[in-house]
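If you read the sequences in order, they're chains E and R. 207 is the number that numbering that gives the first Met the number 0 gives to position 208 of the first sequence; each next residue is one higher, with no gaps. 15 is the number that numbering that gives the first Met the number 0 gives to position 16 of the second sequence; each next residue is one higher, with no gaps. Using N, Cα and C, we set each Cβ at its ideal position, and we do this for glycine too.
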Amino acid sequence: MANNKGYKRSWKNYLLDPSYQLRFTLTMLAVAAGLMAPLGWWVSQKATTATEVALNQIDEIRCPEVLSATPSAVAPTPTSADGEDVEDLLNEDASEERIPEEAIPDVDPSEDPVEPTVEGAERRERPSIEVSIDDSEMPAASEVVVVGEIEERPPTTEEIQKSKVAHDTCMADVAARRDSVQGRKSLITLVMLISGVVLLLGLAVYGIKTTHRVAGPLFKVGLYLKKLENNIYDTVYNLRKGDQLVEFYDHFKDAHAGVTKMQEEDRDRLKDAIKLAREADLAAKSEELAASIAELERLLAEKEESLVQEK
Amino acid sequence: MFKKNKHGRKISNYLIDKKLQLRYVIFVTALSAVICGTLGFLIWQQADVATNIIREQLADAPGMADEVIRSLKSEDQNLILTMVASGVALVVVLSLLLVVMTHKVAGPLFKVTLYLDKMRDGRLDTVWPLRKGDMLQSFYTKFSAMHTSVKARHVETNETLKAFVELAEAAGIEESGDQGHRLEELRKHCDQRSEALS
């Protein structure tokens, strides 16, 4: 009765109780997906923000210009701290509306040293200050002798080469940094997708496998239940190694033994009744008794047939 | 689990197999740790790159740079903490769900165990349906069908035996004799069976 037939697991019959196994596994998957989705969204947001910040900072990097062989007619444009061209700032003033010369009143400086009168404004008297300068104590101004025309020195080939190398290195560094940051962003997205798939696939496979360890013994018990339903009191074998519900299975074996014992008791009582009927020749006493005895014999045959595999 | 206990609806009875469930929790924990760890490291790395570039560009203003870098580093640390918290939350929620789902399996199994214990003692009383939302409905249906069938056969046998005993008594078998004694034994068996099948 307690033998093990040694059935081995097969992937083909891993879904022994689909309604239970799928319900269990799909619920776990749905919850895991529900948790992973906001986490994935958050990760994606953080990755995008970090990437944008990094790319913006990389774009701020200014690489040195390559020197030109001929001096440029226009000097390189100076740049303010804000990155705005100083020339632009200067042009800003130039672009302001110019006051026509006719509008400026002719003022003789000797006549009135004070600033020109603004129309409508009250004229204010200013105190006159007399200043006398004694240039005897002042140092004599150094004499500047211009020998010839000043010309910008063109950079040497070596300087041009160096500036080109520096420029190229800087540009390559910037490009590499951009690629690295963007590559990492792609990697995060890829890892995120793979993680989601691995989590869901892992939970699905593990869920089916775990529930199979429960569904397996129940499937086996289900076969015995079907046999009992069809009046077959078969031998109950042990579970396979690694199966769960060992205690439950023990309860089932005890119950199977219990109903088998009931069946045997009924069989024995039927035998007793038929034996008694024969000894007392009850079949001859009435038709009802004869029919009853025939029914007892039919039941006995059924019970003996149901128990025949037990031996 | 599934020990004989009339008041056995304890928390421990809701768990099918602690070892199996522990293995499942370890599996989910490992998976969550790998996923959250990898993702957390990648985001932290990306944020760290941005922080380092900002630090390079703020090199000319060391006073301000320190404050900004401290703030950015703190944000980077928060990323790690958030990922750790997410991983822990994933493990806790999936483990709790496992217990709830197991409960829905353990409930029907516990109920069936009670009927099995009665069958072991030779009693076949009425099988009641499962609660709504319980799992293993198909298994329970099979069990219920078996129980009904076995009980019906025993009832039929018992009714037939009872009818025979009554007919035999009516036919005038002497009560004090050996046959009368055997008939009495049959009647006792029928009474016991009737009680067991009620």
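Compute the Euclidean distance between the alpha carbons of residue 137/R and residue 169/R, then round it to the nearest angstrom. Between the alpha carbons of residue 137/R and residue 169/R lies a distance of about 48 Å.
Where residue 328/E sits in the DSSP three-state scheme: This structure cannot settle anything about residue 328/E, because the visible part of chain E is limited to 0 through 310.
If we call anything under 8 Å between Cβ atoms a contact, is residue 41/R one with residue 192/E? Result no, Cβ atoms of residue 41/R and residue 192/E do not sit closer than 8 Å.
If distances are taken between C-alpha atoms only, which option among 223/E, 228/E, 168/E comes closest to residue 64/E? For the options 223/E, 228/E, 168/E, the alpha carbon positioned closest to that of residue 64/E is the one of 168/E.
Under a Cβ-count criterion, where at least 16 other Cβ atoms within 10 Å of its own Cβ denotes burial, should residue 121/E be classed as buried or exposed? Because the pLDDT at residue 121/E is just 45, under 50, the model does not fix this residue reliably, and the value given afterwards should be weighed accordingly. With fewer than 16 other Cβ atoms within 10 Å, it is exposed.
If we count the other Cβ atoms within 10 Å of its Cβ and call it buried at 16 or more, is residue 153/E buried or exposed? Within 10 angstroms of the beta-carbon of residue 153/E lie fewer than 16 other beta-carbons, which makes it exposed.
Count the other CB atoms within 10 Å of the CB of residue 277/E; is the residue buried (16 or more) or exposed (fewer)? Exposed, since its Cβ has fewer than 16 Cβ neighbours within 10 Å.
is_contact[residue 28/R, chain E] using C-beta, thresh 8 Å: Output row for residue 28/R: interface = no.
Could you tell me which of 106/R, 80/R, 189/R, 166/R sits nearest to residue 131/R, measuring between CA atoms? Closest by C-alpha distance to residue 131/R, out of 106/R, 80/R, 189/R, 166/R, is 106/R.
Reference residue 79/R, options 149/R, 178/R, 163/R, 43/R, closest by Cα: Between residue 79/R and the set 149/R, 178/R, 163/R, 43/R, the nearest pair of CA atoms involves 43/R.
Closer than 7 Å by beta-carbon distance: list the chain R residues that pair up with residue 287/E, in chain order. Those are 166, listed as they occur along chain R.
Can you find a CB in chain R that lies within less than 8 Å of the CB of residue 18/E? At least one CB atom of chain R sits nearer than 8 Å to the CB of residue 18/E.
DSSP-derived helix/strand/coil call for residue 280/E: Collapsing the DSSP output to three states places residue 280/E in coil.
Taking Cβ positions only, does residue 304/E come closer than 8 Å to chain R? Not flagged as an interface residue toward chain R: residue 304/E, since no C-beta distance is shorter than 8 Å.
Give the straight-line distance between the Cα atoms of residue 225/E and residue 139/R, rounded to the nearest whole angstrom. Computed Cα separation, rounded: 12 Å.
Could you compute how far the alpha carbon of residue 312/E sits from the alpha carbon of residue 84/R? Since the first and last residues shown for chain E are 0 and 310, residue 312/E lies out of range.
Against residue 230/E, what residues of chain A qualify as contacts under a CB-to-CB distance less than 7 Å, listed in chain order? No chain A is present in this structure, whose protein chains are E and R.
Candidates 262/E, 43/E, 222/E, 48/E, of which the one nearest residue 236/E by Cα: Ranking the options by Cα distance to residue 236/E, first place goes to 222/E.
Using 10 angstroms around the beta-carbon of residue 280/E, count the other beta-carbons present and answer buried if the total reaches 16, otherwise exposed. Exposed, because fewer than 16 other Cβ atoms sit within 10 Å of the Cβ of residue 280/E.
Could you pull the start and end residues of the alpha helix (DSSP H) that residue 234/E belongs to? For residue 234/E, no alpha helix (DSSP H) encloses it, and the DSSP letter there is neither H nor E.
I need the boundaries of the alpha helix (DSSP H) containing residue 145/R, first residue and last residue. Element bounds for residue 145/R: 136-169.
Does the segment 258-265 of chain E come within contact of the segment 300-307 of chain E, defined as at least 3 CB pairs closer than 8 Å? Touching, yes.
Own chain partners of residue 19/E with C-beta closer than 7 Å, once the 5 adjacent residues on each side are dropped: 210, 214, listed in sequence order.
Proximity test, Cβ basis, 8 Å: residue 295/E and chain R: It does: the Cβ of residue 295/E has a partner Cβ on chain R nearer than 8 Å.
Within 8 Å of any Cβ in chain E, is that where the Cβ of residue 45/R sits? Yes, because at least one Cβ of chain E sits closer than 8 Å to the Cβ of residue 45/R.
With C-beta atoms as the reference, is residue 45/R less than 8 Å away from residue 46/E? Closer than 8 Å, so yes.
Can you pull the chain E neighbours of residue 85/R, defined as C-beta to C-beta under 7 Å? The CB of residue 85/R comes closer than 7 Å to the CB of 38 in chain E, given here in chain order.
Rounded to the nearest angstrom, how far is the Cβ of residue 306/E from that of residue 269/E, given a contact under 8 Å? Actually they do not touch by this definition, with Cβ atoms about 12 Å apart.
Length of the line joining the Cα atoms of residue 201/E and residue 180/E: Here the C-alpha atom of residue 201/E lies approximately 30 Å from the C-alpha atom of residue 180/E.
Over what stretch of residues does the alpha helix (DSSP H) that includes residue 17/E continue unbroken? 17-58 is the span of the alpha helix (DSSP H), which, as asked, contains residue 17/E.
Which residues in chain R have a C-beta closer than 8 Å to the C-beta of residue 183/E? List them in chain order. Here the neighbours are 41, 44, 45, 48.
Mind checking if residue 170/E is an interface residue toward chain R, Cβ cutoff 8 Å exclusive? Using beta-carbon distances, residue 170/E does not count as an interface residue toward chain R, since no partner is under 8 Å.
Alpha carbon to alpha carbon, what distance is there between residue 62/E and residue 58/R? Computed Cα separation, rounded: 17 Å.
Interface partners of residue 141/R on chain E, CB under 7 Å: What residue 141/R touches in chain E, judged by beta-carbon distance under 7 Å, is 221, 224, 225, going in chain order.
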